[in-house]
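One structure is given below, encoded as structure tokens.
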Amino acid sequence: MSIAGNENSASSGNSTGQAMKRMAIGIAVLVVATAVLYLVAGDGFYLWAKAIHVIAVISWMAGMLYLPRLFVYHVDAEKGSVQSETFKVMERRLLRGIINPAMIVTWVFGLWLAWKGFGFQGGWLHTKIALVLVLSGLHGYLAGAVRKFAEDKNEKPTRHWRIVNEIPTLLMIVIVILVVVKPF
């Protein structure tokens, strides 16, 4: 049993190293592509930045809506079962491969847009940024939950994760209204 456990942890460590390498390459590609786009597009870069921001937000929200749903199902899986181990892999990959990078891109381009387009002015923008901070806090909470599930230490019931699953939706609705309507 300990030999298999050591093989799994070695495999997990190698997988983590590969994931970190892929993430670093992805970030480098994004930085280079953004620089090239900035140089080529000139004044049109603002619209490109807005498009990249919206794509990143959609990706981030997709992950934020799916991860708590995985937790709902994971709670019912027997610890150590094949199903539980599969959920652990899915949760880790979703967090590291989609949610984390999408959040970073969302913040980087969002702050640039807030500065370039609005000079960080406007009550709606301040409220939006505050709500994105709340969403980022939820992101951190979910990342912590991924670690707890990975260690078979989740103590939250299914009902908790069903409720948490609704929070990103509510935040998204208010944020989109603020961006589109700019009520104040």
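Start counting the sequence shown at 0; every next residue gets the next number (numbering that gives the first Met the number 0).
Note that the Cβ used here is the ideal one computed from N, Cα and C, for glycine as well.
Boundaries cannot be given for Gln-120, as no alpha helix (DSSP H) includes it and DSSP labels it neither H nor E. If you look at Phe-86, you'll find it in the alpha helix (DSSP H) that goes 81-93. Between the alpha carbons of Thr-126 and Leu-177 lies a gap of roughly 8 Å.
Taking 3 residues as the shortest admissible run, the region 18-45 contains no complete beta strand (DSSP E) segment at all. The closest CA to that of Ala-142, considering only Leu-69, Val-180, Ser-83 and Trp-111, is found on Leu-69. For Pro-167, the enclosing alpha helix (DSSP H) starts and ends at 166-180. For Asn-99, the secondary structure class from DSSP, reduced to helix, strand or coil, is helix.
A buried status is given to Lys-87, since no fewer than 16 other beta-carbon atoms sit within 10 Å of its beta-carbon. Here DSSP, grouped into helix, strand and coil, assigns Pro-156 to coil. Distances from the alpha-carbon of His-52 to those of Leu-29, Met-22 and Ile-172 put Leu-29 closest. Between the region 55-64 and the region 74-92, the count of Cβ pairs shorter than 8 Å is below three; the stretches do not touch. If you compare the alpha carbons of Ile-128, Glu-165, Trp-111 and Met-89 with that of Lys-181, the shortest gap goes to Ile-128.
Looking at the backbone, the Cα of Val-35 and that of Leu-46 are separated by about 15 Å. If you draw a straight line from the Cα of Gln-82 to the Cα of Gly-122, it comes to about 47 Å. Look at Lys-78 here: in three-state DSSP terms it is coil, with no helix or strand label. For Glu-150 and Leu-94, the gap between their C-alpha atoms comes out near 16 Å. Pairing Val-145 with Pro-67 gives a Cβ-Cβ distance that is not under 7 Å. Counting every other CB atom within 10 Å of its CB across the protein chains shown gives Ala-101 a total of 16 or more, marking it as buried.
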